[in-house]
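Worksheet: the structure to be examined is printed underneath.
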Amino acid sequence: MDLVIARPEGLYCPPGDFYIDPWRPVERSVITHGHGDHARWGNARYLAAAPGEGILRSRLGQDIDLQTLPYGATLDHHGVKLSFHPAGHVLGSAQVRLEYRGEVWVASGDYKVEADGTCAPFEPVRCHTFITESTFGLPIYRWRPQAEIFAGIDDWWRQNQAEGRASVLFAYSFGKAQRILHGIDDRIGPILVHGAVEPLNRVYREGGIRIPETHYAGDFKKSDPLLRQALVLAPPSAAGSTWMRRFGEYSDGFASGWMMLRGTRRRRGVDRGFVLSDHADWPGLLWAIEQTGAERVMVTHGSVNVLVRYLREQGLDAQGFTTEYGDEDDSDDLPGADQPGADLPGANQPGADPEPREEGP
Ligand SMILES: [Zn+2]
Ligand SMILES: [Zn+2]
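For the sequence shown, counting from 1, position 222 maps to 222 in UniProt numbering; every step adds exactly one.
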């Protein structure tokens, strides 16, 4: 019996009668992490790993019906034993382990295998069937160690400072932005953030993650000399908006795994691309899959066909799983575009920059 099947509402566990990261509203949802394409509004009940509670409440509303479980703790539901295990993707991200009559399935959600200090590191979980993402499931995707990327950002920031201009770095506001803040050298100068980023910083700080002091960019006048010393973190949708005018002359960069592709950087029209992803690269995906010991692998969003073919060549029983998950770095590509996860109520609170919203209306 399959412990997880694809239904129009999302990935469904028949014996447990619940959905994992459903894309349509359901009665009982199990959520792997707070990105908009995985944690959506409208479910009657939510179950998630405890470290993700602050994120989910900040994004979906303080009053959602949310039950949490510490990593590794087991909940028995209709005979299905369910537990969460760290996915190393963003704060609170989890793989979902399901055990029923001796069969073990693990649904990974999104994951990254390099530990980054902003969330519990990825933990391989033995299982019979592994449901994996494949956002960067092509052999060309191989990440450099993150320390090199952070050193590159630091150097770029110092050089811009020396030339008297701000360094504006576009990064997804939940996860990527906090990872950058945690990884860069905050002694170089002041750090300014867009209103979409700061509410998430707060949740990370409350979760005990070291995030250096940050200021709202909106509090500074264009004439303020401090702007020209600053590193500014903003969501990609702020690019080209009136919000950017306060910085006068600036250098801009974009931090994303997609920056490996020259064409993407050109499309973004930024000065610098920093290849930094919160997803596993090709070797990371293969390593994680191997560590599970699974004989059967179901592949969700990303380069599904390439990874499925490769795994079959390795003798595994692999198949694609059609889902409606997207990619957070690409989902906020166009301001106001109709994307999944058009949320982030925190961006509208007092003191936040009124425009633009990170994601759609
Ligand atoms: Zn994600
Ligand atoms: Zn995803």
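All C-beta atoms, glycine included, are put in the ideal place defined by N, C-alpha and C.
If one requires a minimum length of 3 residues, the beta strand (DSSP E) runs lying completely within the stretch 241-278 are 250-255 and 272-274, in chain order. Per DSSP, reduced to three states, the secondary structure at D219 is helical. With a cut-off of 8 Å on Cβ pairs, the stretch 146-162 is not in contact with the stretch 212-225, counting fewer than three such pairs.
For E99, DSSP records a beta bridge to K81 and V104. Nearest C-alpha to E295 among V203, T129, V104 and Q95: T129. Beta-bridge pairing by DSSP links F170 to A234 and F254. Burial check for L226: the Cβ neighbour count within 10 Å stays below 16, so the residue is exposed.
Counting every other CB atom within 10 Å of its CB across the protein chains shown gives A73 a total below 16, marking it as exposed. In this structure, V304 is the residue among S93, Y204, V304 and E313 with its C-alpha nearest to the C-alpha of T135.
If you draw a 10 Å sphere on the C-beta of D116, you find 16 or more other C-beta atoms in it, and that means buried.
In this structure, R210 sits near H182, with a CB-CB distance shorter than 8 Å. Cβ-Cβ separation between I131 and M298: approximately 4 Å, consistent with a contact (criterion under 8 Å). Here the alpha carbons of R272 and G293 stand approximately 40 Å from one another. For S29, the CB contacts under 6 Å within the same chain, skipping 5 residues up- and downstream, are Y19, P22, N43 and Y46 in chain order.
When C-beta atoms of the stretch 136-145 are compared with those of the stretch 279-290, three or more pairs fall below 8 Å, so the two segments count as touching. Fully enclosed alpha helix (DSSP H) runs of no fewer than 4 residues occupy 146-162 of the stretch 127-162, in order along the chain.
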